[in-house]
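Student: Before we start, here is the structure in question, set down as C-alpha cells.
Here it is, written out as C-alpha cells:
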C-alpha cells in the first residue's frame with residue numbers, strides 16, 4: 008500500500024445525475040453559506056423523506072460515488088447537528104436513511120470520520136504537480152476560511168508525506184531471518200526519513216490556523232455523540248436503529264492509520280489500559296482496507312527479533328521512534344495551544360466543545376502524553 012490517500016483525487020461530482028444527487032451536491036457545496044445565514048436546518052426540515060435517495064449509487068457500487076455521498080451526507084449531517092446554538096439530537100429521515108445506507112456499504116459508522124473529513128476531501132490545484140500545501144485545497148467544508156482549510160490540508164499533506172513510511176511498514180512485515188542487515192536498515196531509514204518530512208509539515212500548522220478560530224469555528228462541527236456532554240442521550244437517526252439513540256465517536260486524528268501502522272511494524276506496544284482500548288476502537292472508523300493493513304502488519308512483524316543482535320539496526324530503529332516521539336510531542340503541544348488554552352478564554356462565537364475531552368470523546372492531554380512517553384520508552388537508547 009502506498010499511503011492511505013486514494014490513488015485518484017476524490018470526486019467533486021457523481022458519475023450519474025439525478026434530482027436527489029444534484030440536491031445533495033448543491034446543499035453540501037453551499038454549506039458555508041447556509042450555516043452562516045442559519046438556513047441549513049430550515050432547508051433540511053422542508054425536504055421530503057426521500058429527497059436524498061441514493062439507491063442508484065448502491066446498485067452501481069462505484070467507489071468514487073460511494074465515498075462522495077458519504078462525504079456529502081457527513082458534512083450536511085454535522086452541519087445540521089451542530090449548526091445552531093444548541094445541538095439537534097434527532098436527524099430527520101431524509102439524512103439518516105441514506106447516511107446509514109452508505110455507511111453500511113463502506114463498513115463504517117454513520118458519523119463524520121477522518122476518512123471523509125480529510126482522506127476523501129481534497130484536490131490538487133495544478134493536477135500535474137505534486138501534493139503540497141501550496142497545491143492542495145479542500146472540496147467541502149463547514150464555515151470555510153483559511154483556518155479550517157489549513158487545518159485539514161495540513162493533514163492531507165501529512166498523509167502524502169507518510170506514504171513511504173506506510174509502504175516500508177508493509178515491507179517490514181514480510182522480512183524474515185534471511186533478510187540482510189542492509190535490507191532491514193533501508194526500510195527503517197525509509198520510515199525515519201518519511202516521518203521527518205511529516206514533522207516538517209506538521210510544524211507549519213500555526214502558520215495559517217489560528218488557535219482561537221480553530222477552537223470556536225472549526226472544532227465544534229466535528230464532534231460525535233459518544234462521551235459528549237452536549238449529546239448525553241446520544242443521537243437519534245429517525246427511522247433507523249429502531250429509533251434508539253446511537254453513540255459514535257467524533258472525527259479525530261486518532262482515526263488516521265499512519266501511527267497505528269508504524270506502531271505495528273515497529274512492534275511498539277501500548278500498555279493494556281483505556282488508551283489502548285480507545286485506539287483499537289478508532290479502527291472501526293477507518294476504511295476497512297486500512298484497518299486490515301494494520302492487522303496484517305501486527306500479526307506478521309518480527310522486527311524486534313530481527314534487530315536484537317545488531318547495534319546498527321537498533322540505532323536505526325531508535326531514529327524511527329524519535330521521529331514518532333517528535334510527532335506526538337507536537338500533537339501534545341498543539342492540544343495545549345489549540346484547545347486547553349482556548350478553553351480559558353471567553354467565547355463570543357459559539358461553543359468549542361468540552362475542554363477536557365477531544366473531538367473523539369477522550370481525555371486527550373492524558374492520552375497524548377502517554378503516546379509520547381511510550382515512544383521514548385521503546386527505544387534501545389534512552390538518552
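In the numbering used here, the protein residues as written are 8 to 390. Note that beta-carbon positions come from the ideal geometry of N, C-alpha and C, so glycine has one too.
Using three-state DSSP, classify residue 186 as helix, strand or coil.
Tutor: coil
Student: For residue 151, collect the residues of the same chain with a Cβ closer than 6 Å to its Cβ; drop the 5 residues on either side in sequence, then sort them by chain order.
Tutor: Excluding positions up to five away in sequence, the list reads 39.
Student: Determine, using beta-carbon pairs with one atom in the region 55 to 70 and one in the region 21 to 37, whether at least three such pairs fall under 8 Å.
Tutor: yes
Student: Please name the residue or residues paired with residue 253 in a DSSP beta bridge.
Tutor: 242
Student: What whole-angstrom Cβ distance do residue 130 and residue 19 have, given they're in contact under 8 Å?
Tutor: 7 Å
Student: For residue 84, does the three-state DSSP call read helix, strand or coil?
Tutor: helix
Student: Would you say residue 185 lies against chain B (beta-carbon separation less than 8 Å)?
Tutor: Although the question refers to chain B, the structure presented lacks it and comprises just one protein chain.
Student: Starting from the Cα of residue 169, find the closest Cα among 376, 10, 339, 338 and give me that residue.
Tutor: The shortest C-alpha to C-alpha distance from residue 169 to any of 376, 10, 339, 338 is the one to 10.
Student: By Cβ distance, which residues of its chain are closer than 6 Å to residue 148, with the 5 residues on each side in sequence left out?
Tutor: 155
Student: Any idea what DSSP makes of residue 144, helix, strand or coil?
Tutor: Under the three-state reduction of DSSP output, residue 144 falls in the strand class.
Student: In the DSSP assignment, the alpha helix (DSSP H) including residue 130 goes from what residue to what residue?
Tutor: Not the alpha helix (DSSP H): residue 130 falls in the beta strand (DSSP E), residues 129 to 131.
Student: Return yes when the Cβ of residue 83 is within less than 8 Å of the Cβ of residue 113, no when it is not.
Tutor: Pairing residue 113 with residue 83 gives a Cβ-Cβ distance that is not under 8 Å.
Student: Residues in its own chain within less than 6 Å of residue 289 by CB, not counting five upstream and five downstream?
Tutor: Answer for residue 289: 261, 262, listed in chain order.
Student: What's the call for residue 412, buried or exposed, on a 16-neighbour Cβ count within 10 Å?
Tutor: Here the chain covers residues 8 to 390 and nothing more, so residue 412 does not appear.
Student: Look up residue 98 in the DSSP assignment and give the residues it is bridged to.
Tutor: 244
Student: Please name the residue in 269, 264, 231 whose C-alpha comes closest to that of residue 252.
Tutor: In terms of CA proximity to residue 252, 231 leads the group 269, 264, 231.
Student: CB-CB under 8 Å to residue 208, same chain, minus the five flanking residues each way: which ones, in chain order?
Tutor: The answer, listed in chain order, is 140, 161, 164, 165, 168.
Student: Do residue 270 and residue 180 count as a contact pair if the criterion is CB distance below 8 Å?
Tutor: No.
Student: Roughly how far, in whole angstroms, is the beta-carbon of residue 345 from the beta-carbon of residue 218, given that I think they are within contact range, below 8 Å?
Tutor: 4 Å
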